[in-house]
Amino acid sequence: MSERVVDFPTLGFLAADWIEAHCTVPSGFDLGAPLVHVGWQLWCDVNHYRVREGAKLGERGQSGASQFFYRRSLVVGPQKSGKSPWGASITAFEAVGPCLFAGWAKEGDYYSCADNGCPCGFEYAYVPGEPMGMVRNRSLIQLLATAEEQVANMYDPLNFMVRNGPLAEFVKP
Numbered sequence: 018m019s020e021r022v023v024d025f026p027t028l029g030f031l032a033a034d035w036i037e038a039h040c041t042v043p044s045g046f047d048l049g050a051p052l053v054h055v056g057w058q059l060w061c062d063v064n065h066y067r068v069r070e071g072a073k074l075g076e077r078g079q080s081g082a083s084q085f086f087y088r089r090s091l092v093v094g095p096q097k098s099g100k101s102p103w104g105a106s107i108t109a110f111e112a113v114g115p116c117l118f119a120g121w122a123k124e125g126d127y128y129s130c131a132d133n134g135c136p137c138g139f140e141y142a143y144v145p146g147e148p149m150g151m152v153r154n155r156s157l158i159q160l161l162a163t164a165e166e167q168v169a170n171m172y173d174p175l176n177f178m179v180r181n182g183p184l185a186e187f188v189k190p
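Once you know that position 126 of the sequence shown is 143 in my numbering, the rest is easy, because the numbers rise by one and skip nothing.
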């Protein structure tokens, strides 16, 4: 397999660290352990949250999508490869995590969950020049599929993560 090089600005590493601090493994032998994105999951994180070079903060009322290189992502893989837990954790990050572009970091900048009412103690120190993240003012997350069982593939892990991890103190399922 070829080496994956991240030579572009991204919120993906912030996303992966935030997810590890807030989301838990929803099933299997590691049930309840911190969910760690590695391999293809981390590669999807850094690409999904890739920020355009020279991005600027949007004007009031803009969605923020213009700051990102990609507007949507699609993950296709075999059964039992971790797609549903990955999708559930990204959903949690989009709902209450620092998923929006907030400008470019300077020396000493950091993200702190405490600034957004989350009591978990998570902090992320930015590297100067790295894109910074901020939380949404309000989230409306919709999970859609052609059958209720398909929605459950993502909702059930998300529900477990919210009820059985640090998000339980901060989010109402």
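By construction, the Cβ of each residue, glycine as well, lies at the ideal position given by its N, Cα and C atoms.
Between which two residues does the beta strand (DSSP E) holding TYR127 run?
Numbered from 1 along the sequence shown, position 110 holds the residue referred to as residue 127. That run of the beta strand (DSSP E) goes 127-129.
VAL92 versus ARG155: straight-line alpha-carbon distance, rounded:
Here residue 92 is taken as the residue at index 75 of the sequence shown, counted from 1. Here residue 155 is taken as the residue at index 138 of the sequence shown, counted from 1. Cα to Cα, the separation comes out at about 26 Å.
Nearest to TYR87 by alpha carbon, out of VAL22, SER44, PRO51 and THR27?
Walking along the sequence shown from the start, residue 87 turns up at place 70. Of the listed residues, the one whose Cα sits closest to TYR87 is THR27.
Under a Cβ-count criterion, where at least 16 other Cβ atoms within 10 Å of its own Cβ denotes burial, should LEU31 be classed as buried or exposed?
Here residue 31 is taken as the residue at index 14 of the sequence shown, counted from 1. Flag for LEU31 reads buried.
From the DSSP secondary-structure annotation, give me the bridge partner or partners of LEU117.
Numbered from its first residue, the sequence shown carries residue 117 at position 100. Paired residue(s): MET151.
Own chain partners of PRO174 with C-beta closer than 6 Å, once the 5 adjacent residues on each side are dropped:
Counting from 1 along the sequence shown, the entry for residue 174 is found at position 157. Excluding five sequence positions before and after PRO174, the CB atoms of its chain that fall closer than 6 Å to its own CB belong to PRO43, SER101, PRO102 and ALA105, given in chain order.
Inter-residue spacing [alpha-carbon to alpha-carbon] between ASN176 and VAL55:
What you label residue 176 is simply residue 159 of the sequence shown in a count that begins at 1. What you label residue 55 is simply residue 38 of the sequence shown in a count that begins at 1. Each residue's alpha carbon lies about 22 Å from the other.
When every heavy atom of the ligand GDP is checked, does at least one fall within less than 6 Å of the C-beta of SER90?
Although the ligand GDP was asked about, the structure shown includes no ligands whatsoever.
Apart from the five residues on each side of it in sequence, which residues of its chain come closer than 7 Å, Cβ to Cβ, to GLU37?
Here residue 37 corresponds to residue number 20 of the sequence shown, with the count starting at 1. Only PRO51, LEU52 and VAL53 meet the Cβ criterion.
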